[in-house]
Every structure is written in structure tokens, then in C-alpha cells.
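Residue numbering for the sequence shown follows the numbering used here, beginning at 540 and increasing consecutively. For glycine and all other residues, C-beta sits at the position ideal for the given N, C-alpha and C. Taking it in order: structure first as C-alpha cells, then the write-up.
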Amino acid sequence: MAKEEKKRKSKSHDKEKKDRKKHKTSSKKAERSAKSESPVIAKTTTTTTYSSFSEIVAQIYLHLAPMWAENSTEGVIEQLNAFLMKFVPQLDGIVLAHSNLEFLTDKGKILYDSPFSHFFVRVKFLVWKPKRGTKLVGRINLQSQDHIGLLIYGTFNASIPSRSIPSDTFEWRASETESEPVAVEAESAKDDDDDEEEEQQQQQPEAVEEKPSQYGEWVNKSTGVPIGGEDGTVEFNVVDIVEANDILTVTGSL
540 MAKEEKKRKS KSHDKEKKDR KKHKTSSKKA ERSAKSESPV IAKTTTTTTY SSFSEIVAQI
600 YLHLAPMWAE NSTEGVIEQL NAFLMKFVPQ LDGIVLAHSN LEFLTDKGKI LYDSPFSHFF
660 VRVKFLVWKP KRGTKLVGRI NLQSQDHIGL LIYGTFNASI PSRSIPSDTF EWRASETESE
720 PVAVEAESAK DDDDDEEEEQ QQQQPEAVEE KPSQYGEWVN KSTGVPIGGE DGTVEFNVVD
780 IVEANDILTV TGSL
């Protein structure tokens, strides 16, 4: 009898130990699930590429908060919008837009003690992902003796260092005098205040006129024409791409 009682107690103890271990494991899983609320890109497939732009179809694992239970589509779009204008490593580029949202399951899963609903969706992303060795076009927004700064599509930064500007073709030409923006004062309004609107227009200064570069500009040695011409547009080769703080900076050469 004593042996049977001892055996029964041992089994009961082992069962309690297993239950505690199982509960502990379940709690850890629930904690990890609650922490990982951001979308996880599980799979990507490039469908179409247009120069530096690509359309990428991705399968994403989402964790949707209970507040979106009655409008899951809006909740998913809210999470996808967090990718916009940011560099996403899994997509290897900056997300510009998303479309063609498709739910891969009819219902989400509630796992362990987490209140979040977990499910997969498929979505198409428009991604800007320039490649080394390709050509891009930018508009000059800054010139110095050290580099030329450009904006690509009016949004993304690019830089051409002086070492990448052919010295046998181009040279830095400094301004003869440091120019200051000049504003021409309009004539004072007449004492006659019959037309108040006309008086206000006369008191306003004319538009400020500035030169392309206050300190100088890069020009062609043989022709003297500034790099970029009148509109400041330059085609350059992509040499390097640096990702920092969710944005891309392109380094180029002429």
C-alpha cells in the first residue's frame, strides 16, 4: 500500500510540474505575440520592374488590435500605411504605395492570452529601389566646391562628390563677389485711400531674385555652361546607396 501511495504521489507531482511548465511556456508565447504587433513580411515576389521602380507582391503576417474587429480592412490599411515613404529591408527599397489587398484567411486566430487577431494578407507594393550602375536624373538644389546636391523626383536626396566629377571636363567657378538677395522696394502708396486693395499691393516689395549659387557653380571648361544647364537637370550614374533612418541617400558620378 505504501508503495502504491508513493507511486500515486509521484505521478501527481510530475503532472503538476508538467502543467506549470506548459502554463509558463504558454505565457511566454502570449507575451511574445503581444509584443510583435507590427506587420511581418513573410514572402515577397517581384512582379514588374520599371527602371528604379518595382511592383512587389508580398505576403504579410498581421496582428490586428481588437478595436478593428468590426472593420478589419481599415485596420490592415492603417498598418500598411506605416510602411509608406520608409525603407523596408524585406522589400529592399522605399515603399511609395500599396494596393490590391487580399485576405488569405476568412477569420483571424486568437493565440494564447493575446487579444490580437493574427492572419495573413497579400498586398502589392510600389517600391523605389535604385541599383548601383544604373542612371538616374536629378535636379540640382545645392552646389559647393566639395559636391553637387540633387533631388530625385523632387523627394529623394542624391550627392555627387567632387572626386566623381571629371576634372578634365568640368571645373568649379567661384562667384566674383558674394551676392546677397536684393529686394526692390515698391513706391509708397499714395495718400489717397479710395482703393485700399491697390494701396496694399503698392506697399508690397517685389520678388527676390537669387542666383543659382551664391558662392559659385560647376561649369564645362570648354563652353562655360553650368552643369545642368538652365533647368539644373543632371543625369548621373549610381555609385552607392546608403540606408539610414528609414531613408535612402544616393551617391553618384558624372
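Have a look at residue i and residue j and give me their C-alpha separation to the nearest angstrom.
i	j	result
SER683	GLY677	16 Å
ASP694	LYS668	According to the sequence as given, residue 694 is Thr; it is not Asp. Approximately 14 Å, taken between the alpha carbons.
ILE595	GLY755	43 Å
PRO605	GLY632	31 Å
LEU675	LEU601	35 Å
ASP685	SER590	29 Å
PHE709	LEU630	38 Å
GLY768	LYS670	26 Å
LEU640	SER593	17 Å
GLY771	PRO628	32 Å
MET624	LYS663	15 Å
GLU749	VAL634	The predicted position of GLU749 is uncertain, since its pLDDT is 38 and thus under 50; a value taken from the coordinates is nonetheless stated next. Going from the Cα of GLU749 to the Cα of VAL634 covers about 35 Å.
LYS646	GLU617	19 Å
Quick one: residues in its chain with C-beta nearer than 7 Å to the C-beta of residue i, no 5 flanking neighbours on either side, listed in chain order?
i	result
GLU782	PHE626
What do you reckon, are the CB atoms on residue i and residue j nearer than 9 Å?
i	j	result
VAL789	ILE780	yes
ILE599	ARG661	yes
SER761	VAL778	no
PHE659	SER611	no
ARG702	VAL758	no
LEU603	SER638	no
ILE786	ILE679	no
Give me, in chain order, the residues of the same chain whose beta-carbon lies closer than 6 Å to that of residue i; leave out the 5 immediate sequence neighbours on both sides.
i	result
LYS648	HIS657
TRP607	GLY614
ILE704	LEU793
LEU619	HIS637
PRO654	PRO605
THR673	VAL777
LEU681	GLY688
For the ligand COA, is there a heavy atom less than 8 Å away from the beta-carbon of residue i?
i	result
GLY768	Questions concerning the ligand COA fall outside what the structure shown contains, since it holds no ligand whatsoever.
In this structure, how does DSSP classify residue i when only helix, strand and coil are distinguished?
i	result
SER653	coil
ALA604	coil
GLN682	strand
GLY614	helix
LEU689	strand
ARG671	coil
LEU793	coil
ASN620	helix
SER761	coil
SER701	helix
GLY768	coil
Could you check if residue i is buried or exposed, using at least 16 other CB atoms within 10 Å of its CB as the buried criterion?
i	result
VAL764	exposed
SER706	exposed
SER714	exposed
ALA636	exposed
ALA597	buried
Beta-carbon within less than 8 Å of residue i's beta-carbon, same chain only, minus the 5 sequence neighbours each way: which residues are those?
i	result
ALA697	LEU675, GLY677, GLY688, LEU689, LEU690, ILE691, PHE775, THR788, VAL789, THR790 and GLY791
ASN784	none
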